[in-house]
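Asks:
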Amino acid sequence: MSNRLILSYGSSTHQGARPYQEDSCYWLETNKSGCIGFVLSDGMGGHAAGDVASKTLVKAYRQVFSKEVTLDTLVSQLKASMDLGNQQICEIITKKPELTGMGATYLAGFVYDKILYWISVGDSPLYLYSNGKLRQVNEDHSMAPILLERVIKGEITQEQASSHPQKNSLISVVMGDQIEKVDQPTTGIALSPGDVVIIASDGIQTLSEKEIERLVEKWQQHTPHDDLTDMLLQAVLNKKNPKQDNTTIMVAALMPTDGSLSDLHGTPSNASTANQVSWSALMRDDDPVMEHSFSKENITVVKWVILLLVMIVLGLVAYFYIDRLKDEALSPEATKDHLIEKSADFDQSIDQIFDSTLIDDSIQEPIPVLEEPVNDRVSDNADAVSEMTNQDKKVSEG
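Quick note: the sequence shown uses UniProt numbering, first residue 1, plus one each step.
#1: So L78 and A60 are supposed to be a Cβ contact under 8 Å. How far apart are they, rounded?
#2: Between the Cα of H141 and those of P125, I92, M311, spot the shortest distance and give me the residue it belongs to.
#3: Can you name the residues that DSSP bridges to residue 423?
#4: If you drop the 5 nearest sequence neighbours on each side, which residues of the same chain put their C-beta closer than 8 Å to that of Q205?
#5: In whole angstroms, what separates the C-alpha of P193 from that of T56?
#6: Taking the continuous alpha helix (DSSP H) assigned at L232, which residues delimit it?
#7: Within 10 angstroms of its Cβ, does R18 collect 16 or more other Cβ (buried), or is it exposed?
#8: Span of the alpha helix (DSSP H) holding I93?
#9: Using CA atoms only, rank isn't needed, just tell me which of D113, G315, L237, V64 is closest to S12.
#10: Could you check which residue in L28, T30, S24 has the C-alpha nearest to that of D42?
#11: With a CB to CB cut of under 6 Å and the five nearest residues on each side skipped, what residues in its chain are close to Q136?
#12: Measure the C-alpha to C-alpha separation of T186 and V75 and round it to an integer number of angstroms.
#13: Can you list, in chain order, the residues of its chain with a C-beta nearer than 8 Å to that of E209? Leave out the 5 residues immediately preceding and following it.
#14: Is there contact between the segment 62-71 and the segment 151-159, where contact requires at least three CB pairs shorter than 8 Å?
#15: Classify Q63 as helix, strand or coil using the three-state DSSP reduction.
#16: Would you grab the beta carbon distance between V251 and L228 for me? Rounded to a whole angstrom, and I think it's under 8 Å.
#17: Would you kindly work out how many angstroms separate the C-alpha atoms of V196 and W27, rounded to a whole number?
#18: Using a 10 Å radius around the Cβ and a threshold of 16 neighbouring Cβ atoms, would you call A53 buried or exposed?
#19: Which value, in whole angstroms, describes the spacing of the CA atoms of D263 and L99?
#20: Return the chain-ordered ranges of every alpha helix (DSSP H) run that is complete within the segment 169-235 and spans a minimum of 4 residues.
#21: According to the Cβ coordinates, are G16 and Q184 closer than 8 Å?
#22: Quickly, what does DSSP pair Q166 with across the bridge? List them, please.
#23: Taking Cβ positions, are L254 and L40 nearer each other than 8 Å?
#24: Nearest to V111 by alpha carbon, out of L148, S81, L191, Y20?
#25: Please say whether G101 and V174 have beta carbons closer to each other than 8 Å?
#26: Using a Cβ-Cβ cut-off of 6 Å (strictly less than) and excluding sequence neighbours within five positions of Y106, which residues of its own chain qualify?
#27: Any Cβ of chain B within less than 8 Å of the Cβ of D83?
#28: Is it buried or exposed for I152, if we count other Cβ within 10 angstroms and need 16 for buried?
#29: Check whether the Cβ atoms of K96 and G34 lie closer than 8 Å to each other.
#30: What three-state label does DSSP hand Y20 in the structure shown?
#31: Quick check on this structure: which residue in E180, Y129, T73, S8 has the alpha carbon closest to the alpha carbon of E211?
#32: Using a 10 Å radius around the Cβ and a threshold of 16 neighbouring Cβ atoms, would you call R150 buried or exposed?
#33: Could you tell me which residues DSSP pairs with D42 in its beta bridges?
#34: Tell me the rounded alpha-carbon separation between C90 and N246.
#35: Thinking C-beta only, is E180 closer than 8 Å to I171?
#36: Taking all protein chains shown into account, decide if Q63 is buried (16 or more other Cβ within 10 angstroms of its Cβ) or exposed.
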């Protein structure tokens, strides 16, 4: 069996019920075989320009990294990209004080030689699906883990934790100031054939981890493969959450080129590379081939370009046929029956050309759900925990 692998990747995003889109993301294609970079940022601050903060962080990542990426500097450069983005946000707020309060999560990293590296601040989840199981591998810098710990200790009930007003508040975020918590392991996680990496904004957490796990399993079992990012995003929208947050989903999957996953997960499957285009071909057997999944928007553009080319060809064909018919009509040998026969041949050829190039534009965009304004999610760690404790004491005393 060949060790040759395919590293395929793609992304999907939706505004959800929010009146604005504050998520930003980017794939970095490098010159190294089997190396792909990613960055995702979920802005916060609403009218205080959360979208500006997220775009600033993505821009900083692109400024620090180029197509030339080396393992020696990768970890330090990830930290440098976060620091640069934080500095640039500070400069923006200094020039425009009315933007004070804007900030964003930061989740960036690489799949490099089948190893996953990352840096993260905030609550944007990084999932790894491996051996049929899904788990979040990065830290969650929201109040949720703190509340869970208190449930485990018996300090509060599960119901109190679920309904707590600060459960979604962040204890660490990039907002042009000191960053309270940064998750950056010095060593990465080794990936195996069949592993799937999911980089997302917290809008995906409308789905439970079990639901995400089942969707990835279903994706691996079906052929040809649909776009996994679209499957996950549609599942989120199908929940019809009236307060659905912006949702951005990025996926990188390490797949064997023979397409078979039956020996990996015990389920017969014949994976296809449909809807993917290879941009790197000549590689060693143990190097992953890089492939990128076209988004629906890109496919639609391609369809219209093809349609335009078809119309140009039809126009040229019509021009030359009509010109030829005119010449024959003026010639002494031309007869009425002869010209009618030529015209019929022309109509038939036009029909054949058009039928052979018909474009199916049946892709439907997800139906957006109702809009709902965003609430501020930043929480000072110490104050939030203190306030939370006082509230819980009051509940207990009552």
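Note that beta-carbon positions come from the ideal geometry of N, C-alpha and C, so glycine has one too. Treat the numbers as computed from the prediction; the structure is a model and nothing was measured.
Replies: The short version:
#1: Here residue 78 refers to the residue found at position 78 of the sequence shown. Here residue 60 refers to the residue found at position 60 of the sequence shown. Rounded to whole angstroms, the Cβ separation of L78 and A60 is 11 Å, and the two are not in contact under 8 Å.
#2: Taking the sequence shown and counting its residues from 1, one reaches residue 141 at position 141. In this structure, P125 is the residue among P125, I92, M311 with its C-alpha nearest to the C-alpha of H141.
#3: In this structure the chain extends from 1 to 398, so residue 423 is not present and cannot be described.
#4: Here the question's residue 205 lines up with position 205 in the sequence shown. By the criterion of a C-beta distance shorter than 8 Å, Q205 is surrounded in its chain by P125, once the five residues flanking it on both sides are discounted.
#5: In the sequence shown, residue 193 corresponds to position 193, counting from 1. In the sequence shown, residue 56 corresponds to position 56, counting from 1. P193 and T56 have their C-alpha atoms some 34 Å from each other.
#6: Walking along the sequence shown from the start, residue 232 turns up at place 232. Residues 228-238.
#7: Within the sequence shown, numbered from 1, the residue matching residue 18 stands at position 18. Result: buried.
#8: Against the sequence shown, residue 93 aligns to sequence position 93. Note, I93: alpha helix (DSSP H), 71-95.
#9: To locate residue 12, count along the sequence shown from 1; it is residue 12. Ranked by Cα distance from S12, the first of D113, G315, L237, V64 is L237.
#10: Locating residue 42 in the sequence shown gives position 42, where the first residue counts as 1. Nearest option by C-alpha distance: S24.
#11: Against the sequence shown, residue 136 aligns to sequence position 136. Around Q136: P125, Y127.
#12: Along the sequence shown, read from residue 1 onward, the residue named residue 186 stands at position 186. Along the sequence shown, read from residue 1 onward, the residue named residue 75 stands at position 75. Cα-Cα distance, rounded: 7 Å.
#13: In the sequence shown, counting from the first residue as 1, residue 209 sits at position 209. Excluding its 5 nearest sequence neighbours in each direction, E209 has C-beta neighbours in its own chain below 8 Å: Y127, L134, R135, Q136, listed in chain order.
#14: As far as the Cβ criterion goes, the segment 62-71 does not touch the segment 151-159, which means the pair count is below three.
#15: Locating residue 63 in the sequence shown gives position 63, where the first residue counts as 1. Secondary structure at Q63: helix, using DSSP grouped into helix, strand and coil.
#16: Here residue 251 refers to the residue found at position 251 when the sequence shown is read from its first residue. Here residue 228 refers to the residue found at position 228 when the sequence shown is read from its first residue. Taking a contact as a CB-CB distance under 8 Å, the pair V251 and L228 counts as one, their CB atoms being some 5 Å apart.
#17: What you label residue 196 is simply residue 196 of the sequence shown in a count that begins at 1. What you label residue 27 is simply residue 27 of the sequence shown in a count that begins at 1. The C-alpha of W27 is placed about 16 Å away from the C-alpha of V196.
#18: Residue mapping note: residue 53 aligns to position 53 of the sequence shown, counting from 1. Note on A53: 16 or more other CB atoms within 10 angstroms of its CB, so buried under the neighbour-count rule.
#19: Along the sequence shown, one-based indexing puts residue 263 at 263. Along the sequence shown, one-based indexing puts residue 99 at 99. With a pLDDT of 33 at D263, under the threshold of 50, the predicted position of this residue should be treated as unreliable, and no value is reported.
#20: With a minimum length of 4 residues, the continuous alpha helix (DSSP H) runs that stay inside the segment 169-235 are 209-221.
#21: The count along the sequence shown starts at 1 and reaches residue 16 at position 16. The count along the sequence shown starts at 1 and reaches residue 184 at position 184. Taking 8 Å as the Cβ cut-off, G16 and Q184 do not qualify as a contacting pair.
#22: Counting from 1 along the sequence shown, the entry for residue 166 is found at position 166. Beta-bridge annotation (DSSP): Q166 is not paired with any residue.
#23: Locating residue 254 in the sequence shown gives position 254, counting from the first residue. Locating residue 40 in the sequence shown gives position 40, counting from the first residue. Not a contact, by the Cβ cut-off of 8 Å.
#24: For the purposes of this step, residue 111 is identified with residue 111 of the sequence shown, where counting begins at 1. If you compare the alpha carbons of L148, S81, L191, Y20 with that of V111, the shortest gap goes to L191.
#25: Mapped onto the sequence shown, residue 174 falls at position 174. Mapped onto the sequence shown, residue 101 falls at position 101. No; because the gap between Cβ atoms is not below 8 Å, this pair is not in contact.
#26: As a first step, residue 106 must be located in the sequence shown, where it is residue number 106. Around Y106: S41, L57, M82, V121, V174.
#27: Absent from the structure is chain B; it holds one protein chain and no more.
#28: What you label residue 152 is simply residue 152 of the sequence shown in a count that begins at 1. Exposed, by the Cβ-count rule.
#29: As a first step, residue 96 is located in the sequence shown; it is residue number 96 there, counting from the start. As a first step, residue 34 is located in the sequence shown; it is residue number 34 there, counting from the start. Taking 8 Å as the Cβ cut-off, K96 and G34 do not qualify as a contacting pair.
#30: Within the sequence shown, residue 20 is the residue found at index 20, counting from 1. Residue state, collapsed to three classes: coil.
#31: Here the question's residue 211 lines up with position 211 in the sequence shown. Ranking E180, Y129, T73, S8 by Cα distance to E211 puts Y129 first.
#32: Here residue 150 is taken as the residue at index 150 of the sequence shown, counted from 1. That one is buried.
#33: What you label residue 42 is simply residue 42 of the sequence shown in a count that begins at 1. In DSSP, D42 forms a bridge with D23.
#34: On the sequence shown, position 90 is the one that residue 90 refers to. On the sequence shown, position 246 is the one that residue 246 refers to. About 24 Å.
#35: Here residue 171 corresponds to residue number 171 of the sequence shown, with the count starting at 1. Here residue 180 corresponds to residue number 180 of the sequence shown, with the count starting at 1. Yes, the Cβ-Cβ distance between I171 and E180 is below 8 Å.
#36: For the purposes of this step, residue 63 is taken as residue 63 along the sequence shown, with counting starting at 1. So Q63 ends up on the exposed side.
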